[in-house]
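This report refers to the structure that appears directly beneath it.
In this note's numbering, the protein residues as written are 22 to 159.
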């Protein structure tokens with residue numbers, strides 16, 4: 022059993038609804054929280070910060086307690102999100118990863134869009150076409 026706070030079932034279910042609809046996604050327990058991956062690449066990770074732990078997430082988000090999501094982005098959107106104010110934050114551990122504080126004001130429609138974009142950043146070409154169609158393939 023984990024000796025740290027778990028992400029609420031409501032948050033996990035909201036994310037699962039989007040991620041499970043994408044091709045060949047695997048959901049798994051991470052070192053903390055839950056992550057979703059396509060192939061070997063994680064494209065979403067949700068976890069609880071509790072009493073400033075894990076410190077790398079607490080420092081990046083400016084929070085000592087709460088739920089956060091990290092996801093992948095690229096291009097102009099990565100630049101915009103990396104420089105956006107809270108609820109977005111920029112973790113230091115990966116160039117194309119952005120964080121989002123999840124709270125009562127979270128726009129879950131936007132979270133869904135960010136998760137799909139993150140998946141498209143991580144997925145191989147053969148799976149991207151199933152989501153976007155050949156005319157929109159990056």
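Yeah, the Cβ is synthetic: ideal placement off N, Cα and C, and Gly gets one too.
Go ahead and label residue 143 buried or exposed: buried means 16 or more other beta carbons lie within 10 angstroms of its beta carbon, across all protein chains shown. buried
Span separating the alpha-carbon of residue 138 from that of residue 24: Distance between the alpha carbons of residue 138 and residue 24: 32 Å.
Quick check on the DSSP output: the alpha helix (DSSP H) that includes residue 131 runs from which residue to which? 129-143
Flag this pair as touching only if the stretch 85-94 and the stretch 114-124 have three or more C-beta atom pairs under 8 Å; answer yes or no. yes
If we count Cβ pairs, one from each stretch, closer than 8 Å, do we get three or more for the stretch 52-69 versus the stretch 99-107? no
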